[in-house]
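Residue numbers (our numbering), protein chains in the order written: chain A, 45 to 194; chain B, 430 to 929.
Quick reminder that beta carbons are idealized off the backbone N, C-alpha and C, glycines included.
Quick caveat: nothing in here was measured; it's all calculated off a predicted structure.
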Amino acid sequence: MIKAPQDAAGGGLLIALGLVGVWEGAALASGSLGHVGPGLLPLALSVLSGMCGLILFAGAFRTKGSKLDRWSLRGPACVLGAAIAFGLAIKPLGLVIAGPMAVVLAALADRETRWTETLIFAVVMTVFCVGLFRYGLSLPIPIAPWLIGS
Amino acid sequence: MGDLFANLGLGFSTAVSLENLAFCFLGCLVGTLVGVLPGVGPIATIAMLLPLTFNLDPTGALIMLAGIYYGAQYGGSTGAILLHIPGEVTSVVTTLDGHQMARNGQAGIALGIAALGSFAAGTMATIVVAVLAVPLTRLALLFGAAEYFALMVLGLTLAVVLVRGSVLKALSVTIVGLLLSTVGTDLETGEERLTLGLSALTGGIHFVVLAMGIFGLAEVLRNLENPEHRDAVKAHIGRLLPSLDDLKRCIGPILRGTGLGAALGILPGNGAVLGPFASYSLEKKLARDPSRFGRGAIEGVAGPESANNAGAQTAFIPLLTLGIPPNAVMALMVGAMTIHGIIPGPLVMTKSPTLFWGMIASMWIGNLMLLIINLPLIGLWVRLLRVPYRLMFPSILLFCCIGIYSTNNEASNVIMMAIFGLVGYGLQKFGFEPAPLLLGFILGGLLEEKLRQALILSRGSFWTFVQRPVSGGLLLLAVVVFILAVLPAIRESRKKALIE
């Protein structure tokens with residue numbers, strides 16, 4: 045019987061990571077101790093990670109531990125989705141589109157969000173960021189490539 | 430001694446230039462802000478602001494980033510005292526007696542003594558940094574590859590041991606951090622390692638991407654799940670300056686706290702976190718009437734707050750002298766230095782003395798500014814605590830995205846940050862602390878380089894690490910520390926100490 049589901053899951057993930065590491069690093073030369081190759085450390089660390097995972101996993105059957113936490117869907121989906129959307133939109137569409145889009149998408153994560161407030165806030169924040177980053181700090185971030193060319 | 434004054438003179442003349450004073454002030458202000466606001470930590474802030482410093486002069490940039498770090502230590506106490514929510518890990522202890530004092534109508538005095546204690550500790554710790562910098566740098570120049578390797582192993586061991594919760598889990602994330610650092614092109618052979626065939630990974634994982642993902646975004650996700658109640662803000666603050674009697678009672682705790690914090694802060698592996706806890710237990714032991722602790726004892730605020738600030742200051746020592754970051758924030762400072770073409774380590778002091786001493790002098794100036802920022806302006810900070818989180822987190826996200834994109838104008842980095850955000854969220858859910866992962870990741874590159882160098886020098890013999898006295902001693906210390914932490918009896922008391 046699994047007595048500590050959280051540890052069992054964490055251990056399982058570490059084992060999986062170790063296996064991926066060993067698989068991916070298999071083609072790299074380990075070299076010798078006198079001349080360590082590029083593959084030695086990744087291999088050693090993957091094995092260590094897998095071993096830690098095994099110990100954690102085995103321990104989960106012996107001692108009682110925390111249950112698995114519930115994962116929420118809305119928060120991560122909206123916030124991470126907003127970041128991904130920003131990443132996809134920034135080069136072709138520029139900050140004037142990617143900025144408000146990221147703010148509004150992220151705001152969806154919170155049930156307390158008020159729509160008019162968020163829309164106004166998104167526009168204000170974007171204008172502020174364009175001023176600060178592009179003009180204040182002269183970072184080469186695209187503003188509106190489809191309109192002004194950069 | 431004469432050298433020390435000459436060096437500090439050079440430092441102060443650099444730090445008081447109008448530009449650097451402005452950066453120092455800005456850093457302290459931002460630091461106080463993130464320290465006060467629960468849910469925005471210094472790690473995420475420094476990661477977010479890093480791109481802003483790209484076009485600045487390196488001295489100004491580092492002065493500002495350092496200000497954010499120790500400013501956050503000051504600000505953290507405000508939330509701890511008024512809201513019973515520690516802004517930072519290091520102000521957890523302050524919630525015990527500080528919040529009790531606020532409930533007894535002494536919020537102002539608690540804030541006052543926290544700020545005064547922090548200032549006294551910061552001043553003394555700045556002197557400690559200045560005094561120790563030269564001899565330690567000389568020592569560092571004698572270090573060979575084996576010694577560096579051993580010191581980093583010791584640092585990582587301490588980081589593993591000092592984390593709250595399971596040692597095994599802390600060890601696992603450290604190893605994962607080291608493993609992640611090997612992703613990308615191998616520096617010696619140019620071969621691609623563990624890139625999963627993705628072109629975005631050939632250059633390796635950028636540390637800001639990792640830090641912002643597992644700290645910045647994951648923090649936002651955690652806060653969205655646990656909305657806080659911030660209703661204690663209405664508390665009456667009252668008089669700020671402690672009475673002469675209070676001050677007399679606090680001199681001892683402040684001095685002892687500073688000593689403890691400064692000593693623990695020098696340790697590689699985030700010893701600074703232990704300072705406040707150690708100081709609190711010491712004061713409780715020394716007190717004539719220990720039962721007052723937990724019910725609003727002023728010594729219980731003065732000691733830990735001094736320890737926490739002293740530790741924040743001396744944590745710069747391993748970074749500035751050896752180039753080894755003792756904690757995640759210092760790891761970001763390494764990143765900031767490298768971006769400006771400065772390789773952290775013993776050579777900084779001789780190659781760019783104005784930067785080195787200017788930064789040290791700015792710490793004292795920053796502490797003075799913080800006293801002014803914190804005490805008279807406290808009402809402003811209290812009002813800031815009322816900014817609703819529903820407006821704060823979309824702004825944090827936008828800043829993170831722009832910051833990451835600007836680090837090297839790669840849109841793929843923003844997407845990678847989102848993936849690490851999910852990783853950070855997962856780490857929390859499975860009960861892993863993320864801090865050692867970042868430290869492992871940051872030290873990984875240097876660790877591998879020194880390991881390979883040392884092994885080439887010794888012609889493949891692992892004995893070199895044990896035979897060389899300094900390296901052997903450091904490794905022995907690491908082994909002893911680890912065994913002590915794993916021994917169950919000691920683990921029990923460690924748990925208790927961290928909960929206290």
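Segment limits, alpha helix (DSSP H) that includes residue i
i	result
B:Glu-576	574 to 591
B:Val-463	447 to 465
B:Asn-837	818 to 837
B:Ala-744	Careful: B:Ala-744 lies outside any alpha helix (DSSP H) and carries neither H nor E.
B:His-528	521 to 532
A:Asp-51	49 to 69
B:Glu-648	647 to 654
B:Asp-675	673 to 695
B:Met-641	Run containing B:Met-641: none; DSSP gives neither H nor E here.
B:Ala-790	782 to 803
B:Arg-888	Here B:Arg-888 belongs to no alpha helix (DSSP H), and DSSP marks it neither H nor E.
A:Gly-143	139 to 151
B:Val-702	Counting along the chain, B:Val-702 falls outside any alpha helix (DSSP H), and DSSP gives it neither H nor E.
B:Ala-765	757 to 768
Simplified DSSP assignment, three categories, for residue i
i	result
B:Val-557	helix
B:Arg-881	helix
A:Glu-156	coil
B:Gly-723	coil
B:Gly-470	coil
A:Thr-107	coil
B:Asp-486	coil
B:Arg-815	coil
B:Glu-862	coil
B:Gly-901	helix
B:Gln-896	helix
B:Ala-423	This structure cannot settle anything about residue 423 of chain B, because the visible part of chain B is limited to 430 through 929.
B:Ala-716	coil
B:Ile-538	helix
Contacts that residue i makes with chain C (C-beta to C-beta distance below 9 Å)
i	result
A:Leu-98	This model lacks chain C altogether, as its protein chains are A and B.
Strand pairing of residue i, partner residues [DSSP]
i	result
B:Glu-621	B:Thr-614
A:Val-80	A:Gly-75
Interface flag, residue i vs chain B, CB-CB below 8 Å
i	result
A:Ile-134	yes
A:Val-257	Since the displayed chain A opens at 45 and closes at 194, residue 257 of chain A lies outside it and no answer follows.
A:Gly-138	no
A:Ala-120	For the sequence presented, residue 120 of chain A should be read as Pro rather than Ala. Closer than 8 Å: yes.
A:Phe-130	yes
A:Ala-127	yes
A:Gly-4	Any answer about residue 4 of chain A is impossible in this case: the structure gives chain A only from 45 up to 194.
A:Ile-46	no
A:Ala-188	no
A:Ile-192	no
A:Ala-146	yes
A:Leu-89	yes
A:Leu-117	no
Cβ of residue i within 8 Å of any chain A Cβ
i	result
B:Val-662	Low per-residue confidence applies at B:Val-662: pLDDT is 48, beneath 50, and the placement is therefore not dependable, though the value from the model is reported in the following sentence. No - not a single Cβ of chain A is within 8 Å of the one on B:Val-662.
B:Tyr-499	no
B:Tyr-834	yes
B:Asn-838	yes
B:Lys-858	yes
B:Ile-831	yes
B:Ile-844	yes
B:Val-605	yes
B:Thr-474	no
B:Ala-847	yes
B:Pro-823	yes
B:Phe-785	no
Residue i Cβ short of 7 Å to the ligand COA heavy atom set
i	result
B:Met-845	Ligands displayed in this structure: none; no statement on the ligand COA is therefore possible.
- [ ] Select from the stretch 148 to 181 of chain A all residues with a C-beta closer than 7 Å to any C-beta belonging to chain B, and list them in chain order.
- [x] Only Ala-150, Ala-151, Ala-153, Asp-154, Glu-156, Thr-157, Phe-165, Met-169, Cys-173, Phe-177, Leu-181 from the stretch 148 to 181 of chain A bring a Cβ to less than 7 Å from some Cβ of chain B.
Open item on the list: Along the stretch 49 to 69 of chain A, where does the CB come closer than 9 Å to a CB of chain B? Name the residues.
Closed with: When C-beta distances to chain B are compared with 9 Å, the residues of the stretch 49 to 69 of chain A below that value are Gln-50, Asp-51, Ala-53, Gly-54, Gly-55, Leu-57, Leu-58, Leu-61, Gly-62, Val-64, Gly-65, Glu-68, Gly-69, in chain order.
Open item on the list: So if I threshold CB-CB distances at 8 Å, which residues from the stretch 478 to 492 of chain B count as touching chain A?
Closed with: The stretch 478 to 492 of chain B vs chain A, Cβ under 8 Å: Pro-480, Leu-481, Phe-483, Asn-484.
Open item on the list: Tell me which residues of the stretch 69 to 80 of chain A have at least one Cβ-Cβ distance to chain B shorter than 7 Å, keeping chain order.
Closed with: Residues Gly-69, Leu-72, Ser-76, Leu-77, Gly-78, His-79, Val-80.
TODO: Could you please tell me which residues of the stretch 875 to 903 of chain B, in chain order, have their CB closer than 9 Å to any CB of chain A?
DONE: So the list reads Leu-876, Glu-877, Leu-880, Arg-881, Leu-884, Ile-885, Ser-887, Arg-888, Gly-889, Ser-890, Phe-891, given in the order they occur along the chain.
Open item on the list: Please list, in chain order, the residues of the stretch 571 to 598 of chain B that have any C-beta partner in chain A closer than 9 Å.
Closed with: Shown in chain order are the members of the stretch 571 to 598 of chain B whose Cβ falls below 9 Å from a Cβ of chain A: Ser-595, Leu-597, Lys-598.
Open item on the list: Any C-beta of chain A within less than 7 Å: which residues of the stretch 632 to 654 of chain B qualify?
Closed with: Cβ contacts with chain A come from Leu-646, Val-649, Leu-650, Leu-653, Glu-654.
- [ ] Could you please tell me which residues of the stretch 612 to 623 of chain B, in chain order, have their CB closer than 8 Å to any CB of chain A?
- [x] So the close ones are Asp-615, Glu-617, Thr-618, Glu-620, Arg-622, Leu-623.
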